[in-house]
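Undergrad:
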Amino acid sequence: MTVTGSDVQMLLDSSERGATMVLEEGRVQVFSEADLARDPSPLVLVSRDDLVARLDSNPPTEADMRRQAAMLDEVAGSLGA
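One point on numbering: in UniProt numbering, the residue at position 45 of the sequence shown is 45, and numbering is uninterrupted.
#1: Name the two residues that bound the continuous alpha helix (DSSP H) containing GLU33.
#2: Mind checking ALA53: buried by the 16 CB within 10 Å criterion, or exposed?
#3: Should the segment 12-32 be called in touch with the segment 44-52, which here means at least 3 C-beta pairs below 8 Å?
#4: Using C-beta distances below 7 Å, list every residue in its chain close to MET10, excluding the 5 sequence neighbours before and after it, in chain order.
#5: Please state the DSSP three-state secondary structure of SER6.
#6: Beta-carbon within less than 6 Å of GLY5's beta-carbon, same chain only, minus the 5 sequence neighbours each way: which residues are those?
#7: In three-state terms, what does DSSP make of SER57?
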């Protein structure tokens with residue numbers, strides 16, 4: 001499992017309320033607030049709001065997204081994913 005810049009872009013593009021990047025069954029997915037309320041089992045990596053707060057530019061550059069993806073991938077690895 002690897003978090004990619006495309007995964008980061010998928011989260012940023014989400015219009016779902018409370019959009020959150022999660023790991024479920026070895027895959028990176030974006031869950032809404034309602035999805036997480038129904039199924040709290042996925043490993044949460046970052047919410048859209050937290051990700052936006054971490055970005056250096058708006059709109060984010062490809063380098064920003066790759067950098068965030070690498071950090072999130074490291075977090076996932078440290079949590080055993």
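Think of the CB as a built atom: it goes at the ideal place given N, C-alpha and C, for glycine as much as any other residue.
TA: Quick look at the numbers:
#1: As a working note, residue 33 is residue 33 in the sequence shown. From DSSP, the alpha helix (DSSP H) with GLU33 extends over 33-38.
#2: Translated into the one-based positions of the sequence shown, residue 53 becomes position 53. Counting Cβ neighbours within 10 Å, ALA53 comes out exposed, since fewer than 16 surround it.
#3: yes
#4: Start at 1 with the first residue of the sequence shown, and residue 10 comes out as number 10. Counting only Cβ-Cβ distances below 7 Å, and skipping sequence neighbours, we find VAL30.
#5: By 1-based counting over the sequence shown, the position of residue 6 is 6. Of the three classes helix, strand and coil, the one that applies to SER6 here is helix, per DSSP.
#6: As a first step, residue 5 is located in the sequence shown; it is residue number 5 there, counting from the start. Counting only Cβ-Cβ distances below 6 Å, and skipping sequence neighbours, we find MET65, ARG66 and ALA69.
#7: Against the sequence shown, residue 57 aligns to sequence position 57. DSSP places SER57 in coil when its eight states are reduced to three.
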